[in-house]
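Read left to right, the sequence shown gives residues 83 to 381 (our numbering).
No residue lacks a Cβ here, since even glycine has one placed at the ideal position from N, Cα and C.
The structure displayed is predicted, hence computed values, not measured ones.
Read through the structure below, which is laid out as structure tokens, and then see the notes.
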Amino acid sequence: MHFDGILFFPVTPFDSDGRVAVDILRAHVASGLAHSPGGVFPACGTGEFPALSSDEVALVVRESVAEVAGAVPVVAGTGGPLGHAREVARAAADAGADALLVLPPYLASGPQEGLVAYVRQVADASPLPVIVYHRGTAQYTADSVRTLADDPRVIGFKDGVGDVGRAQEIVRAVAETGRDDFAFFNGLLTAELTQGAYRGIGIPLYSSAAFAMAPDIADAYHRSYIEYDESRRLDLLDGFYRPLVALRDETPGFGVALIKAGLRLRGVDVGSVRPPLVDPTPAQEERLSAILVAGYALL
């Protein structure tokens, strides 16, 4: 499976009754596709996977697949309690997804052999290949990822921890297996802030929550990144991404809540985030609006 471009993580819109707003979801996915992402990842972190029922995940994935219509790979989120993860994995396959992103299992933090077994059992539940998400209660060693890379069903690794040394060890461990079809992603919050370093250790792809909110800005940053236009890249970093990260870090969960708020500021009625996440205050939304204005001015 080939990914070429920004990885688009759509939000999950909710209507006034708290249900998934399907029409708005389809329009949101379509608006992102217009900017040529390398893949679409519905019902993942930015899509509030932990707050969705298995039926809602299936709905979000099915509608996203229908909107994408084969233009790029669709990678659905799964994870949490093992039974739930396996159920969601089967539903994603039935919905037409191309692969799965395996998020961490609930609160339990098992040893490495348990994490490897978790990924394998999720993979056993459907015919879809899987990408491992290294984050939270699922932090893999280089040896564990090497073991998983021996399984052709495991096609990628997404780093959400930020330990560059360990990430480098994992990249080299997979290289030692001879796999040349294994994808590496920078999955840190607002990955644009760290992607310059990640490219240097062999992780050229990154997920972009900002793409879901401001695709023009995210696309401009990505062009500067792939063209090695450092002056342009740093302008966008200083003028948009660093202020966005400073605001994001004020409140837990703002990595998602600010994206939804930014969409609402643009007139896209995606609704609020679900608990335990909270929406920004009016003052924070005002600051977000100013950050967006500054970002668009750089274009």
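As DSSP reads the structure, residue 160 sits in a beta bridge with 184.
Take the alpha-carbon of residue 267 and the one of residue 98: they are about 35 Å apart. Judged by pairs of C-beta atoms under 8 Å, the region 199–208 touches the region 219–234, as three or more such pairs exist. Beta-bridge pairing by DSSP links residue 216 to 241. By the 16-neighbour rule on beta-carbons within 10 angstroms, residue 205 is buried.
Between the alpha carbons of residue 113 and residue 277 lies a gap of roughly 24 Å. In this structure, DSSP gives residue 296 a state outside helix and strand, which the three-state scheme calls coil.
Annotation for residue 113: the continuous alpha helix (DSSP H) segment containing it runs 104–115. Annotated three-state conformation of residue 154 is coil, per DSSP. In the structure shown, residue 121 falls within a strand segment according to DSSP collapsed to helix, strand and coil. Between residue 245 and residue 162, the alpha-carbon positions lie close to 23 Å from each other. Sequence-distant partners of residue 109 (beyond 5 residues in either direction) whose C-beta falls short of 8 Å from its own C-beta, in its chain, are 350.
Rounded to whole angstroms, the gap between the alpha carbons of residue 322 and residue 252 is 31 Å. With a 10 Å radius around the Cβ and a threshold of 16 neighbouring Cβ atoms, residue 313 comes out exposed. Rounded to whole angstroms, residue 184 and residue 159 show a C-alpha spacing of 6 Å. By the CB criterion at 7 Å, residue 230 and residue 210 fall outside the cutoff. Under the three-state reduction of DSSP, residue 378 is assigned to helix. Within the DSSP bridge table, the entry for residue 267 names 240 and 287 as partners. In the DSSP assignment, residue 89 forms a beta bridge with 121 and 289. Between residue 318 and residue 307, the C-beta gap is not smaller than 7 Å, which leaves the two residues out of contact. For residue 324, the uninterrupted alpha helix (DSSP H) run begins and ends at 324–330, by DSSP.
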